[in-house]
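Take a look at the structure set out below.
Numbering (the numbering used here), first residue to last: 107 to 154.
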């Protein structure tokens, strides 16, 4: 299945207002939240 089994797409949000309590990490640093999640995912996949 590989990537074809994964329903992924690009999401673009422009001029959206997000309450501060709903932010994950710091403003304009979202890629770091994403990369930290990928680090964990790699560990899980390697383990088994």
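Ideal Cβ positions, reconstructed from N, Cα and C, are used throughout, including at glycine.
- Item | Separation of residue 130 from residue 123, as counted between CA atoms | 14 Å
- Message: To the nearest angstrom, how far is the alpha carbon of residue 148 from that of residue 141?
- Response: 10 Å
- Where does residue 150 sit, in a helix, a strand or coil, going by DSSP? helix
- residue 117, DSSP secondary structure in three states: coil
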